[in-house]
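Residue numbers (the numbering used here): 8 to 961.
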Ligand code: NAD
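1. Looking only at its chain, what residues have a beta carbon closer than 6 angstroms to the beta carbon of residue 738, apart from the 5 residues adjacent to it on each side?
2. Return the CA-CA distance between residue 905 and residue 853, expressed in angstroms with no decimal places.
3. Verify the contact flag: residue 426, CB atom, against every heavy atom of the ligand NAD, threshold strictly below 7 angstroms.
4. Using DSSP with H/G/I as helix, E/B as strand and the rest coil, what is residue 208?
5. If we ignore side chains and look at the alpha-carbon of each, how far apart do residue 678 and residue 889 end up?
6. Mapping DSSP to helix, strand and coil, what is residue 181?
7. With three or more C-beta pairs closer than 8 angstroms as the rule, is the region 227-245 touching the region 551-565?
8. Using CA atoms only, rank isn't needed, just tell me which of 17, 103, 75 is closest to residue 47.
9. Quick one: what does DSSP say residue 510 is sitting in, helix, strand or coil?
10. Give a single yes or no on whether residue 252 has its beta carbon closer than 7 angstroms to a heavy atom of the ligand SAH.
11. Would the beta-carbon of residue 379 be found less than 7 angstroms away from any heavy atom of the ligand NAD?
12. Tell me where the alpha helix (DSSP H) around residue 592 begins and ends.
13. So, helix, strand or coil for residue 453, using DSSP?
14. Would you call the region 562-581 and the region 620-627 touching, i.e. three or more CB-CB distances under 8 angstroms?
15. Kindly confirm or deny that the region 57-66 and the region 457-471 touch, where touching means at least three C-beta pairs closer than 8 angstroms.
16. Among 518, 49, 567, 502, whose alpha-carbon lies nearest the alpha-carbon of residue 536?
17. Measuring CB atoms only, is the region 382-402 touching the region 539-556, in the sense that at least three cross pairs come out at less than 8 angstroms?
18. Beta carbon of residue 875, beta carbon of residue 944: below 8 angstroms?
19. Put residue 200 into one of helix, strand or coil per three-state DSSP.
20. Is the separation between the beta-carbon of residue 798 and that of residue 736 shorter than 8 angstroms?
21. Less than 7 angstroms between the CB of residue 156 and some heavy atom of the ligand NAD, yes or no?
22. I need the DSSP call for residue 633, collapsed to helix, strand or coil.
23. Shortest alpha-carbon distance to residue 941 belongs to which of 477, 915, 880?
24. Mind checking whether the beta-carbon of residue 145 lies closer than 7 angstroms to any heavy atom of the ligand NAD?
25. Would the beta-carbon of residue 31 be found less than 7 angstroms away from any heavy atom of the ligand NAD?
26. For residue 468, which of helix, strand or coil comes out of DSSP?
27. Name the residue from 314, 286, 669, 376 whose alpha carbon lies nearest to the alpha carbon of residue 850.
28. To which residues of the same chain is residue 6 closer than 6 angstroms at the C-beta, ignoring the five residues directly before and after it?
29. Quick check: the Cα distance between residue 963 and residue 141, rounded to an integer number of angstroms?
30. DSSP three-state label for residue 747, please.
31. Please confirm whether any heavy atom of the ligand NAD lies closer than 7 angstroms to the CB of residue 50.
32. Using only alpha-carbon positions, find the residue among 590, 344, 403 that is nearest to residue 569.
33. Say yes only if the C-beta of residue 391 is nearer than 7 angstroms to one or more non-hydrogen atoms of the ligand NAD, and no if none qualify.
34. Beta strand (DSSP E) containing residue 367: first to last residue?
35. State the DSSP-derived secondary structure class of residue 428, mapped to helix, strand or coil.
36. So for residue 958, helix, strand or coil by DSSP?
Next up, the structure:
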């Protein structure tokens, strides 16, 4: 019969609507308000899938995010690779299959149905149970902007799953009133179906929100949203997860956390079984036993591990006809696809004692409570410290991070009245700390509950009976990891719980040990004979729940994943047939083949034009950063290795930046635009990183320096005009500019009209030839390009790309940061001693140049290489070894090739390399390892062309 275990009334489901769904190929029905797990239980289905390692049947163990076993793959309405049945809301047409823990990614591209949201608030409350609701309402009444997030479809937390009336007032009525008031506050945002999964620095939190299933889905819009929330104060009211204790055969379907059985009863009006045994170490499972009995379950017994049973619960059980077994625990179970019986026995009363005789009790449901773990994953992610509380047998918050408060069960308060009061206090404190004065007090409902008695810390049944190897005492149900595995880890020498975790894989599955983590620490403590508090907790990392990459990516996918940047002249390059190269996000012309030319031929032609006539290149992508302020010069003296403050207005200097360890970070030119104003260029790929770098030093190390910087990369379009005839072309376009050598010398800049466009013209050269870099506003870039093309036509002006640029600069021995360097190269290694100031008292990296390692004579030096065969083109990255093979094997590498080209000007190939003590090997030879061959090469200086530097003045 369909939904045979559904109660005729109660629960928070819509009985007027039937939902059809399929599980493992069979058809079932359920109701709106069900989870897939509750709908399966309503149909008597417990066995979800077989376990990952041992293939043992596994069922539904919990009722929420902490579920370790009931993993499913959802096939419809929208595919989900791997989710827990307890967190999937039932919807019409849902199709799912049980999963053993090995998921398979969806082969088709997921729809772009994830969105990103950003929110700022004064107080973020995570969790909408009694503590969270009291906190949110109290904070809202101060006028603070409040965000309240809860993973469930409706607020209420445990109150909805217990059915225990608050005094003179039904718990859910109070919840409904809170909700109404919160929804009426303009500054409050209630996010349901929203799980906060990451708590990062400065109260930046991330949350995953699901849209309600059903017709709303068909209407389009994002199915999920990832929220990035920045909060002044955070109140964590995340409640507690129940845990079990370990006994033999504790993994069979039908074994369930006691509070989960109770939650399925009250939320979904579902009986998880017909005849139950309840075993516990604390008070909370009694309420589950009594509620199940009242709903018609035959509760055979409550086995309480504590020798003394609280009178209140003993009397109520007696009245309900439930047998209570003090000092007892479940030691093993029977059954296969479903539990058929539990064996209980009296626990030993003293050290060295033995279990009492075992008694078998027939049942189809075994409810377990081994205590409660405050949900502190977010707290720990935010660097909160955890402390073990002996009385509660639980880890509770220790020192809290700044601006984070914990309230309710998450703070080890397991009584409802305490949770309400503490929530209200936390809400007020958080709002006050965010600058708000208390508002009207929130009237908290009275909670009538018996005084709590302390739990017993029981991690595993000490005598495993017929399972002496403890191979069926499961600690992590998902990983199939047992007490035997922990014993093996300890025998192998593991002492830290972090090591045991990694050795056994406990706590590393999708649930990240929500129910097994603390249990594992308890078992380690038993095995080692060391107190739990001494062992400490394991660390938690985001995300708190599994989050799909598609959700994190949101809309940043396909062509939006990595935006393409193009220059103002891009369509001219396309029209000219350029082949493009990706440099960072930029598309840069690589070379411009003409009429069937291959790359080699095109590059040789482009190089000849630059060396003999005139050529032009779009260099707009070079990073440009403007640095301004009265202390700009002093700041730049600190970040560059050479002196910048002595630069005159109108002049340009080449500069190197190093990291604190003295390694070259970037290079470029610095122009002094005015006394307090500089323009820096950076390599194309490093532009953002260099700006970050400057900001970091300015903000964290030298906040007293009055300096500001901004990227102006895409404010300017820039063309390099290169070659002996460059001056002629420039004169034709800029008649007002005195381009004579002495009027406009090398390494200076001038303002001028070029082709009628206001331009900044720099005399710098990355090719060794006479060259100008002409900067115009971005939107005039294409006009400038066209004008240069027209004015240079008579001189045979030739556009060239990055490959030719590389050949030209390599012929001159100019290194490219990131190609010839790799983060382990100092300016001195590059032979650029001249670029490192000896006058400045400090700059980033200076102190590192005195380290023994940076002063070594045999560091790798930047050198040139000429292969003996002038046609041999060495692949970049080629290893270099000594000329005479040494006796030792393997042969030590002396260095490697960093750049290698065919040169039109030299009529041969050449290369640049980093070679150990390279400057002491000038004229010597080494061998390059090319595939299976070794190729003799000669070590030379780095400058191959125009060594006197005669050409740069034209
Ligand atoms: P709660 O469990 O009622 O509410 C916490 C809420 O936070 C839940 O809805 C949970 O789903 C949600 N949540 C947790 N992590 C989240 C996240 N990362 N993102 C979004 N939502 C998240 O907790 P409370 O308000 O502290 O109240 C605890 C209640 O449970 C009290 O009524 C208390 O008596 C009862 N309780 C009793 C015992 C016991 O031993 N008797 C033990 C624990 C709790």
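Here a beta-carbon is modelled for each residue, glycine too, at the ideal position from N, C-alpha and C.
Reading it off the structure:
1. Reading the chain shown from its first residue, position 731 is the one you call residue 738. Contacts found: 746.
2. Stepping through the chain shown from its first residue, residue 905 is reached at position 898. Stepping through the chain shown from its first residue, residue 853 is reached at position 846. Computed Cα separation, rounded: 26 angstroms.
3. Translated into the one-based positions of the chain shown, residue 426 becomes position 419. Indeed, a heavy atom of the ligand NAD lies less than 7 angstroms from the Cβ.
4. What you label residue 208 is simply residue 201 of the chain shown in a count that begins at 1. Here residue 208 sits in helix by DSSP.
5. In the chain shown, counting from the first residue as 1, residue 678 sits at position 671. In the chain shown, counting from the first residue as 1, residue 889 sits at position 882. Spanning the two alpha carbons is a distance of roughly 44 angstroms.
6. As a first step, residue 181 must be located in the chain shown, where it is residue number 174. Residue 181: helix per DSSP, three-state reduction.
7. yes
8. Residue mapping note: residue 47 aligns to position 40 of the chain shown, counting from 1. The option with the nearest alpha carbon to residue 47 is 103.
9. Within the chain shown, the letter at position 503 stands for residue 510. Reduced to three states, the DSSP call for residue 510 is helix.
10. This structure simply doesn't include the ligand SAH; it includes the ligand NAD instead.
11. Reading the chain shown from its first residue, position 372 is the one you call residue 379. Yes, since a heavy atom of the ligand NAD falls inside the 7 angstroms radius drawn around the Cβ of residue 379.
12. What you label residue 592 is simply residue 585 of the chain shown in a count that begins at 1. Residue 592 -> no alpha helix (DSSP H), and no H or E assigned at all.
13. Start at 1 with the first residue of the chain shown, and residue 453 comes out as number 446. Looking at residue 453 - three-state DSSP - the assignment turns out to be coil, as it is neither helix nor strand.
14. yes
15. no
16. Here residue 536 refers to the residue found at position 529 when the chain shown is read from its first residue. Minimum Cα distance to residue 536 is reached at 502.
17. yes
18. Translated into the one-based positions of the chain shown, residue 875 becomes position 868. Translated into the one-based positions of the chain shown, residue 944 becomes position 937. Against a cut-off of 8 angstroms, the Cβ pair of residue 944 and residue 875 comes out as a contact.
19. Stepping through the chain shown from its first residue, residue 200 is reached at position 193. Looking at residue 200 - three-state DSSP - the assignment turns out to be coil, as it is neither helix nor strand.
20. Walking along the chain shown from the start, residue 798 turns up at place 791. Walking along the chain shown from the start, residue 736 turns up at place 729. Contact: yes.
21. As a first step, residue 156 must be located in the chain shown, where it is residue number 149. The answer is yes for residue 156.
22. Counting from 1 along the chain shown, the entry for residue 633 is found at position 626. Residue 633: strand per DSSP, three-state reduction.
23. In the chain shown, residue 941 corresponds to position 934, counting from 1. Of 477, 915, 880, the residue nearest in Cα terms is 880.
24. The count along the chain shown starts at 1 and reaches residue 145 at position 138. Incorrect: residue 145 has no Cβ contact closer than 7 angstroms to the ligand NAD.
25. Here residue 31 refers to the residue found at position 24 of the chain shown. Outside the cutoff, so no.
26. Within the chain shown, the letter at position 461 stands for residue 468. Reduced to three states, the DSSP call for residue 468 is coil.
27. Numbered from its first residue, the chain shown carries residue 850 at position 843. Measuring from the Cα of residue 850, the nearest candidate turns out to be 669.
28. Residue 6 is absent from the model: the chain starts at 8 and stops at 961.
29. The structure shown has nothing for residue 963, since the chain only spans 8 to 961.
30. The sequence position of residue 747 within the chain shown is 740, counting from 1. Note: residue 747 maps to coil in three-state DSSP.
31. The sequence position of residue 50 within the chain shown is 43, counting from 1. Flag unset: Cβ of residue 50 not near the ligand NAD.
32. For this step, residue 569 is matched to residue 562 along the chain shown. Comparing Cα-Cα distances from residue 569 to each of 590, 344, 403, the minimum goes to 590.
33. For the purposes of this step, residue 391 is identified with residue 384 of the chain shown, where counting begins at 1. Checking the Cβ of residue 391 against the ligand NAD gives no.
34. Locating residue 367 in the chain shown gives position 360, counting from the first residue. 366-369 is the extent of the beta strand (DSSP E) around residue 367.
35. In the chain shown, counting from the first residue as 1, residue 428 sits at position 421. Helix at residue 428.
36. The count along the chain shown starts at 1 and reaches residue 958 at position 951. DSSP places residue 958 in helix when its eight states are reduced to three.
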